[in-house]
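First comes the structure, then the notes that go with it.
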Amino acid sequence: MESSNPYQNESLARMARQHFLQSLCTSIPELDRLVVKYFQSAAGDNSLETRELPVPQWQQEYALHRRTWAQTLLAIWREAFVDPIATSKLRSVEDASIDELQLISDDAIEGLITSARVSMQVAEKVDPGFTELRKRLLRLDPDHRLDLRDPIRPTMVSENLVTAWQKAALSKKAFGWVMAGIAKEWGTLLLKAYQESNAFLAKHGIEPLQQSSAAAAEPAGRSPRPYPYPPDGAAHGTAVPMPGGVPLVAMGVPSGLAMPSSGLAVLSGMVPPPEMAAAAAPPPGFLAPQLLVPGAHMPMPVAMAGELKAPDAKFGRPVLQQVNALWHDMRARLAYVLGVGDAVADQAKAVDTVLERAMQAQQAKGGARLEEVAAQTAFAQSPHVGQQVADVVREQSQAIKEDASQANEKAIIEMVALMFQSVISEERVPALVRVLFARLQVPVLRIALADPTFFTNAEHPARALIDRMGSAAMGFDGAEFNGSALEVELRRIVQMIEQYPDTGIKVFELALSEFEAFLQKHLAQDHTAGKVVSLAQQVEEKETLLVKFTIELRKLLQDLDIREEVRAFLFRNWAEVLAVSAVRTSAKGPQTLRLKQTAALLVWATTAKTHVRERRRAVQAMPGLLRRLREGLRLIGVVDMAQDALIGQAESWLHEAFLAKDQAGIPMERLKQVSARLENLENFISSEGVEDIPLSNDTIELMLGMQIPGLTVLQERDSSTPVSEEVIEWAKTRTVGEWFDLRLGAGELAQSLRVQYVWHSGQHHLQVLATQDGRSFLLKLRTLAAYFEQGALVPIDREGLMLRATRVALTQFQSLEGAGTMHVPMGSGA
63 MESSNPYQNE SLARMARQHF LQSLCTSIPE LDRLVVKYFQ SAAGDNSLET
113 RELPVPQWQQ EYALHRRTWA QTLLAIWREA FVDPIATSKL RSVEDASIDE
163 LQLISDDAIE GLITSARVSM QVAEKVDPGF TELRKRLLRL DPDHRLDLRD
213 PIRPTMVSEN LVTAWQKAAL SKKAFGWVMA GIAKEWGTLL LKAYQESNAF
263 LAKHGIEPLQ QSSAAAAEPA GRSPRPYPYP PDGAAHGTAV PMPGGVPLVA
313 MGVPSGLAMP SSGLAVLSGM VPPPEMAAAA APPPGFLAPQ LLVPGAHMPM
363 PVAMAGELKA PDAKFGRPVL QQVNALWHDM RARLAYVLGV GDAVADQAKA
413 VDTVLERAMQ AQQAKGGARL EEVAAQTAFA QSPHVGQQVA DVVREQSQAI
463 KEDASQANEK AIIEMVALMF QSVISEERVP ALVRVLFARL QVPVLRIALA
513 DPTFFTNAEH PARALIDRMG SAAMGFDGAE FNGSALEVEL RRIVQMIEQY
563 PDTGIKVFEL ALSEFEAFLQ KHLAQDHTAG KVVSLAQQVE EKETLLVKFT
613 IELRKLLQDL DIREEVRAFL FRNWAEVLAV SAVRTSAKGP QTLRLKQTAA
663 LLVWATTAKT HVRERRRAVQ AMPGLLRRLR EGLRLIGVVD MAQDALIGQA
713 ESWLHEAFLA KDQAGIPMER LKQVSARLEN LENFISSEGV EDIPLSNDTI
763 ELMLGMQIPG LTVLQERDSS TPVSEEVIEW AKTRTVGEWF DLRLGAGELA
813 QSLRVQYVWH SGQHHLQVLA TQDGRSFLLK LRTLAAYFEQ GALVPIDREG
863 LMLRATRVAL TQFQSLEGAG TMHVPMGSGA
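Going by my numbering, the sequence shown opens with residue 63, and the numbers climb by one from there.
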């Protein structure tokens, strides 16, 4: 049956293309399985050709980015589904101005060549189905041949595959290698799409147009080209319309290989009759994203099938490398078992309403039960508390899982549940903290369902918060923790997160920020540690000012004709005097201003005096100048014989200047400018930090004039041993609240102490560690890194709470999946 109604014919043609695109969308999971299977088969291929290719690297990259590829491919075909024949509205080369013409980039040409090869590989397989569909569409519209960018053309399908692959940041060479290996199977999937579209048209009585009629519909001298044969004039440069009407000048590139459209028109301008519009409406679930469903069984490469092991190195660069390798391996596995690779935070989605209600109910119910557990008598010593908390968490997740309708939701719920089972089983964390962690299961689950980066981003706020809470509490036992300020703060943080479920990730970001601020303030307020922190701040400020004052003095005095000895004295001694005074009394204090004026007076007094009045003033100023010089030198610990030697040199400079009658002195106006600038010296220095700070017990005594009981300044044991940059960067990222085991001494005299990281300076140049019995340790950044490198400072938790939880949960999840207890058919909601 052939309709004479043009509106009905157009609607049928549109729906035929939509059936074709729908079939392609539903084939994405199978295409993904084909790619994974081919990578697996290549792992056991020892042929020379395979060994020369970076197949393991390609396989890892695909594991991380496969979801992006599939989602991008789905988005391209969904866009075409909205209006599959809108490509006819693309402007032609003749309609474009010369300013709109541009050359195709080398990268685009490589993509076109790759897609052309893929098209040729499946040409023989799909040609019958494509030709039949093309003739049926010509039957509906004999006056128009298929547009070069019609979505049903095999060339366009191949371009879509390449475009999605490139947007997923995958290697084009890997794409060509994979598609060549699965060409036969991919051809079968593509042929099925043509068959379904043909079946739809056949059902509506649309038969293929006879060959003679079909040929007449093509322009004279040109046959239909479903595959990329070079067009006429290609060698001379063919202008190809870009999406949106901007053409490309394709130098020798077939015009049929233009890059796919990034945005198509929504409407074609034709409104079908009501009955056809109803028929054109997609059924429920049409074009549903049934791909890479978390929880669905996906073949796991042999290299990823083994158990994830904890780092066995104890300290230094080896443990950092093992942790990094573990995280990389876990991200690759997560891409397989949950389908979360390199997703970004702005892809967050809303949680299903039914599931949200279930989580709210379980959060209230579980919270009440956990409060009962926390209120038990002899709580800290109860051996049953851990099991009770685990039971509550498990029952909570099972109840929520029953209300989940999608396979990916069930898988994510299971993974989060396994992670929290690991967290609350950590015996080094006080039991009360584990109860608080259990109350976070539902809020974290809500985040994981909406934001896939929770699993793959090590710095995700929800992960970071639990890590910080655990690391801060891990050094306490139950008796020390109960009733502490840290317990009160942790309870407040958890309650805040529970009270604002609708804010998503923002409440975790706020909680993390507030908790870190609490730790910095709380640990610095400790009586002994507070003194050390205050001291460390003064040391860094003094050393920073010393460097900056020296630099500024050099600039200030570089144009003045003064003795080199005087210049050196100001740089080496007086800059430190000014820095110490600024730290002790402030940069604008009377003492500091007096010492700044002393520097200006010294410069003037040591220059030639050509007038009697100037010499008289110099004689009058000398006693006060020498007294101020002694005062300043005492500030930096220069006393007794060392001070007398420097004062003696100053007296000789003054005597020589008094006698130098024939030399020109510094103009008084210039000296006034120098004096004014010295008084405001701190206003001219930069805000940059210093690279290193000398630190010793002498520095401490200099700053305070006394020693702090219980304070030890740690020095590098062997400064000649190099410390890797990787370890120094690790040292810079330590967070306040972490606990370490510190080993002091050697041999039989060695002792091990449990210390907490309580403070670091703004530039991380200085760090403070403290024990619970009041001892404190001040050390530089490089010393901290060196102690870790040498095994003298070892984190009590090398992995971190959430990294270990993810590792354990992922191993258990894979075991369940391998046993068949977690298998969910692709696309099933059961």
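Think of the CB as a built atom: it goes at the ideal place given N, C-alpha and C, for glycine as much as any other residue. Source: prediction; values computed, not measured.
Query: Residues sharing a beta bridge with A832, DSSP; Result: Q818, S838
Query: Exposure label - D157; buried when at least 16 CB within 10 Å; Result: Caution applies to D157, whose pLDDT of 46 falls short of 50 and renders its modelled position unreliable; the value that the coordinates give is listed next. So D157 ends up on the exposed side.
Query: F611 - DSSP class collapsed to helix/strand/coil; Result: helix
Query: Sequence-distant residues of the same chain with beta carbon closer than 6 Å to A420, five excluded per side; Result: I462, D465
Query: Nonlocal neighbours in the same chain, by C-beta distance under 6 Å from E603, ignoring five residues either side; Result: V645
Query: Three-state secondary structure (DSSP) of S324; Result: For S324, the predicted model reports a pLDDT of 31, less than 50, meaning its position is unreliable; a value from the coordinates is still stated below. Reduced to three states, the DSSP call for S324 is coil.
Query: Per-residue burial, Q122 [other beta carbons within 10 Å of its own, 16 or more giving buried]; Result: buried
Query: Cβ-based neighbour list, G833, same chain, cut-off 8 Å, excluding 5 preceding and 5 following; Result: Reading off the sequence, residue 833 comes out as Thr, not Gly. These residues qualify, in order along the chain: L815, R816, V817, Q818.
Query: Cβ neighbour criterion (16 or more within 10 Å) applied to D859; Result: buried
Query: Close-in-space but distant-in-sequence residues of the same chain around S643 (CB under 7 Å, 5 per side omitted); Result: Q653, T654, L657, L697
Query: Residue environment, R796, which counts as buried when at least 16 other CB atoms sit within 10 Å; Result: buried
Query: Exposed unless 16 or more other CB atoms sit within 10 angstroms - verdict on L615; Result: buried
Query: Neighbour-count burial assignment, N35, 16 or more Cβ in a 10 Å radius; Result: The structure shown has nothing for residue 35, since the chain only spans 63 to 892.
Query: DSSP three-state assignment for V701, whether helix, strand or coil; Result: coil
Query: Endpoints, alpha helix (DSSP H) assigned at P563; Result: From DSSP, P563 is part of no alpha helix (DSSP H); its letter is neither H nor E.
Query: Selection from R679, L417, F517, L843 that minimises the alpha carbon distance to D469; Result: Note on residue identity: the sequence assigns Ala, not Asp, to residue 469. Cα-wise, what sits closest to A469 is L417.
Query: Contacting residues, own chain, Cβ-Cβ under 7 Å from G249 (five flanking each side not counted); Result: V184, K187, V188
Query: Buried/exposed call for V550, threshold 16 Cβ in 10 Å; Result: exposed
Query: Status (buried if at least 16 other CB within 10 Å, exposed otherwise) for P492; Result: buried
Query: Contacts around T193, its chain only, beta-carbon distance under 6 Å, and the 5 residues preceding and following it disregarded; Result: none
Query: H206 burial status per 10 Å Cβ neighbour count (16 or more: buried); Result: exposed
Query: Cα-Cα separation between E713 and L688, rounded to whole angstroms; Result: 8 Å
Query: Which of helix, strand or coil DSSP assigns to F631; Result: helix
Query: Reduced DSSP secondary structure (H/G/I, E/B, other) of R679; Result: helix
Query: Counted within 10 angstroms of its Cβ, other Cβ atoms place R634 as buried (16 or more) or exposed; Result: exposed
Query: C-beta atoms of G429 and E605 nearer than 9 Å; Result: no
Query: Cβ neighbours of L608 in the same chain (closer than 7 Å, five flanking residues each side left out); Result: A637, E638, A641
Query: Sub-9 Å separation of L840 and V601 beta-carbons; Result: yes
Query: Where the alpha helix (DSSP H) containing L400 begins and where it ends; Result: Neither: L400 is in no alpha helix (DSSP H) and is coded neither H nor E.
Query: Burial state of T88, where buried means 16 or more other Cβ atoms lie within 10 Å; Result: buried
Query: CA-to-CA distance, P204 to V144, given in whole angstroms; Result: 23 Å
Query: Contacting residues, own chain, Cβ-Cβ under 7 Å from Y289 (five flanking each side not counted); Result: Unreliable positioning characterises Y289 in this predicted model, as indicated by a pLDDT of 40, which lies under 50. The coordinate reading is nonetheless provided below. Excluding positions up to five away in sequence, the list reads S181, M182, A185, P216, T217.
Query: Exposure of P771, with buried meaning 16 or more beta-carbon neighbours within 10 Å; Result: exposed
Query: Reduced DSSP secondary structure (H/G/I, E/B, other) of Q204; Result: Here residue 204 is Pro; the residue named in the question, Gln, does not match the sequence. In this structure, P204 counts as coil in the three-state DSSP scheme.
Query: Distance between beta carbons of A854 and V793, contact taken as under 8 Å; Result: Looking at the sequence provided, one finds Ala at residue 793 rather than Val. No, A793 and A854 are not in contact; Cβ-Cβ is about 13 Å, not under 8 Å.
Query: Element boundaries [beta strand (DSSP E), containing R805]; Result: 801-806
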